[in-house]
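For reference, the structure discussed in these notes is given below.
Number of protein chains: 2
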Amino acid sequence: MDFFFYPSSVALFGSFKEGAIAHEILRNIVEGNFEGRIIPVNPKGGTVEVAGRTFEVRVRLDEPVDTAIIAVPARIVPALIDEIGPLVKGAVVISAGFSEVGNEELERELVEKAKKHGVRIIGPNCAGIFGVHGRFFGSFEVRVKPGGLALISQSGAFGGAALAMGNDEGIGFSAFVSYGNAADLNESDFLEYFADDPNTRAIALYIEGVKDGRRFMRALRYASSKKPVIILKAGKSASGAKAAASHTGSLAGSYEIYRAAFKQAGAIEVGEMEELFDAAKAFEMYSKAGKRVAVITNSGGPGVLATDKLEKLGLEMAKMSEETVAELRSFLPPQCSVKNPIDLIADADYERYKRTIETVCRDENVDSLLVICVPPIFIPSEEIAKAIIEADCDKPVIVNFMAGELVRDGVEVLEKGGIKNFSTPERAARALAWLSLRW
Amino acid sequence: MDFFFYPSSVALFGSFKEGAIAHEILRNIVEGNFEGRIIPVNPKGGTVEVAGRTFEVRVRLDEPVDTAIIAVPARIVPALIDEIGPLVKGAVVISAGFSEVGNEELERELVEKAKKHGVRIIGPNCAGIFGVHGRFFGSFEVRVKPGGLALISQSGAFGGAALAMGNDEGIGFSAFVSYGNAADLNESDFLEYFADDPNTRAIALYIEGVKDGRRFMRALRYASSKKPVIILKAGKSASGAKAAASHTGSLAGSYEIYRAAFKQAGAIEVGEMEELFDAAKAFEMYSKAGKRVAVITNSGGPGVLATDKLEKLGLEMAKMSEETVAELRSFLPPQCSVKNPIDLIADADYERYKRTIETVCRDENVDSLLVICVPPIFIPSEEIAKAIIEADCDKPVIVNFMAGELVRDGVEVLEKGGIKNFSTPERAARALAWLSLRW
């Protein structure tokens, strides 16, 4: 499927009027600095200008391309596929109006024409795809930063919202695929593909239901053996399952069966949208972490909140060795607590954070670190951020800089240093819990 | 305690060098447009300039004021209280170095001097207080917008972080008090005070432990009978309780006892920091909501997620009357789902949202509404925000505009209209669950 996510050429079909879907996708592809050939196609011809570049709109596709993106009225899609079939490897069908509104026959026809030419289909009724490392933004959704997360979403709207919120959360993406009605390619195909994609460190999957349970289990087990697969299942409750059925037409089935299957396959199921972000952030940074956590903080209260949540989630407060405690005691002010959670108190600076992290990190009773910083009055949070980045520590370090606007600069420094921030002590603790599931 | 939260005059004691704590508090008070008298005091005298105003620093306090804020070295605090006792009603002692570091004797002395003069003490070892509607920002913490939440925090750092994060969440505050060692006034006093404060619609309390359980129960029951009291208890786990003991010196005691007590008193216990925000936001808007929820969305997936969470939290998907369904059917496009969750599909505009909200709101089988908007491509989210604000509906409406940057403008319109946004469907569902506890 590299022709979808790392294409060297793409043809777009639809209206190129300002604001039309094909126009918006064209703009995204151009503004995203796609380096391959871009061919807009519409029987009316003409030209279209986007982002300072002018494209001739061809009246028909007349040369081979890797991928077609199709946003024309549903009823003409099968004929279009038949026409361009010999020239394209894959087609992303954005157009809606197929099985999701009862037009099963039209969808069957689409699949049939695609099969005839050996064209693979994503969609129909989908929001498109991103191959971020191929600089290919083949969707109208907001562009994202390159990184390690591949997002597979049955719901286009959920996917689009998750991309935008992922930007806010500092998540980097390798790919995005909204697969809509899954007339041809489905979640299992994408799981297998991203399992082997070298730019993908973790896979996030939003599903309401799957059609082929055996195939899904096989794909999920394979992908989970290669990298973390984070799943958000919608349609868990009775009413939710009914709503999902009317939304994607998929039988949600008994949630208990899904849950057991996820667990058996080694996937990581999260309970809600925000947890999907937290797990994705954690796994973009680290592949796993042990259960024995050392908490380092400059403020007692948040340290207690982190401790509560860690224990609730089944993690352990690491019991540090006597040597570690003695060493901490040797350089920390007497008011500091050297028990876990380690309280560096409010005037903790660069040096105090850095040396504490390094000392604790060397202790073999410690698997991972949770470092908290509440904005100190006299020390810029950037200093603490630098201490965390520059500390010599080869174990997972999960960071919670608290207080929104007051730590904005520190969080920016962290992100530039490759460390993602978790906004509350509990979200940071939860991140470690997800990581421990792969230990 | 009005002299603390609505003072007409304040004296500050400490160093007024740039960056010193007393200087920072002075700046906050001046920049916060406090309209009463402000008297900086330091034996060295001189002048201090803040925010374009010049203050003479008096060598001693020589006129009566409502409140003193004290940030001088701990060892001289008792003598200072003795000196100014005849002139002040209350004193907020920011200074640290009392019982929290083992100096019980010094704290006893402080209390004794205060009692001698009938002066009430907040602190010592605290971050100060805000009386937001009195424009009195008597703390170095970040200033906040006026609103209905009184935040009482045993931990100063937690309180400070919560104020800053509250700003980001769109929470409005009536007051803030960090009470530190609670040598005199404690959580129970503040609960009782804010229960009767007309500007306070809801109270949020962060505690690690209380010293007088009977008194606390009485205060909590009283406050909960007047308005929602949201509690975040830290030190719930074994290690957390130990950490809390070393942090605030308070015996956290068995969490089970606390939990039962909260419930019995009618308080609303939240599990973590973010939930405190969500509950606070909900109760700043509404005093309660029934369990039968109608979900209105422009996107299937998020509607399913909301439905799942509502049912998991014990709420019910409202069963709308046949009349309501028929009316919805009469004006909604045929692709829309008129079952709950009601899916207005992606091109839902102002009119479709407004009319649906009004129709559903009239149904007596519906207690409350959860309205979701994923940013539509062709319709600005501000339009949807306006529809929600302008819809004629007298039932609680909880809103989830998803997708961070893409709905920023819509969220701003909502906030100006008095409606706070919840960033995920699940957080919105949780807000309704808190509201239903007061039904």
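The listed protein sequences correspond, in order, to chains G and R. Under our numbering, the first residue of the first sequence carries the number 198, and numbering increases by one thereafter. Under our numbering, the first residue of the second sequence carries the number 198, and numbering increases by one thereafter. Backbone N, C-alpha and C fix where the C-beta goes; we use that ideal spot for every residue, glycine too. Only a predicted model underlies this, so the values are computations on that prediction, with no experimental measurement involved.
| field | Those runs of the alpha helix (DSSP H) which lie wholly inside the stretch 409-497 of chain G and span at least 4 residues | value | 410-423, 435-445, 452-462 and 470-482
| field | For R/Ile273, the first and last residue of its enclosing beta strand (DSSP E) | value | From DSSP, R/Ile273 is part of no beta strand (DSSP E); its letter is neither H nor E.
| query | Leaving out five residues before and five after G/Glu513 in sequence, what residues of the same chain have Cβ atoms less than 6 Å from its Cβ? | reply | Lys488 and Arg489
| task | Specify whether the stretch 328-337 of chain G and the stretch 296-308 of chain G touch according to this definition: at least 3 beta carbon pairs, one from each stretch, less than 8 Å apart. | result | no
| field | Any non-hydrogen atom of the ligand SAH closer than 7 Å to G/Pro270 Cβ | value | Ligands are entirely absent from the displayed structure, and the ligand SAH is therefore not among its contents.
| query | So which residues of chain G does R/Ala543 contact, with C-beta pairs closer than 8 Å? | reply | Ala354
| field | Chain-ordered chain G contacts of R/Thr621 [CB-CB under 7 Å] | value | Glu469, Met470 and Glu471
| Who are the Cβ neighbours of R/Thr251 in its own chain at under 7 Å, not counting the five residues just before and after it? | Thr244
| field | Own chain, CB closer than 7 Å to R/Phe474, minus 5 neighbours either side, in chain order | value | Met362, Gly363, Glu366 and Ile368
| said: Residues of chain R with CB closer than 9 Å to the CB of G/Asn225, please, in chain order. | reply: Here the premise fails: no neighbours, minimum Cβ distance about 12 Å.
| said: Any beta carbon of chain G sitting closer than 8 Å to that of R/Lys516? | reply: no
| query | So, helix, strand or coil for R/Ala626, using DSSP? | reply | helix
| task | For G/Gly233, collect the residues of the same chain with a Cβ closer than 7 Å to its Cβ; drop the 5 residues on either side in sequence, then sort them by chain order. | result | Pro204, Ser205, Ser206 and Val207
| request: Would you mind telling me which residues of chain R sit closer than 8 Å to G/Asp365, beta carbon to beta carbon, in chain order? | output: Gly601 and Glu602
| said: Please identify, using Cβ separations under 7 Å, the residues of the stretch 568-584 of chain G that lie next to chain R, in order along the chain. | reply: Val571, Ile574 and Phe575
| Cα separation between G/Ile273 and G/Tyr390? | 30 Å
| query | Does DSSP classify R/Ile581 as helix, strand or coil? | reply | helix
| request: With DSSP collapsed to three states, give me the class of G/Tyr203. | output: coil
| query | What is the rounded straight-line gap between the Cα of R/Ser352 and the Cα of G/Ala379? | reply | 52 Å
| Which residue or residues does DSSP assign as beta-bridge partners of R/Tyr376? | Its beta-bridge partners do not exist; DSSP assigns none.
| task | Pull out every residue of the stretch 325-356 of chain G whose Cβ sits closer than 7 Å to any Cβ of chain R, in chain order. | result | Phe337, Val339, Ser352, Ala354 and Phe355
| said: Quick test of the definition: if touching needs 3 or more C-beta pairs under 8 Å, does the stretch 608-628 of chain R touch the stretch 386-404 of chain G? | reply: no
| Straight-line CA distance for R/Val298 to G/Val535? | 15 Å
| What residues from the stretch 256-271 of chain G come within 9 Å of chain R, judged by C-beta to C-beta, listed N to C? | none
| Rounded C-alpha distance that separates R/Ser518 from R/Lys613 | 33 Å
| request: Give every residue of the same chain whose Cβ lies closer than 8 Å to the Cβ of R/Asn383, excluding the five residues on either side of it in the sequence, and list them in chain order. | output: Tyr376, Val407, Lys408 and Asp409
| request: State yes or no: is the beta carbon of R/Leu303 nearer than 8 Å to at least one beta carbon in chain G? | output: no
| task | Classify R/Phe202 as buried or exposed, calling it buried when 16 or more other Cβ atoms lie within 10 Å of its own Cβ. | result | buried
| Bridge partners of G/Thr244, per DSSP? | G/Glu253
| request: Label G/Ala515 either buried or exposed according to how many other C-beta atoms from any shown protein chain fall within 10 Å of its C-beta, with 16 as the threshold for buried. | output: buried
| Less than 8 Å separating the beta-carbons of R/Ser292 and R/Val256? | no
| said: Measuring only the C-alpha atoms, how far is G/Gly497 from G/Glu469? | reply: 29 Å
| chain R residues whose Cβ lies nearer than 7 Å to that of G/Lys433 | Asp505
| said: Just checking: is the beta-carbon of R/Pro499 within a distance shorter than 8 Å of some beta-carbon in chain G? | reply: yes
| G/Ile318 burial status per 10 Å Cβ neighbour count (16 or more: buried) | buried
| request: Could you tell me whether the Cβ of G/Ser296 comes closer than 8 Å to any Cβ of chain R? | output: no
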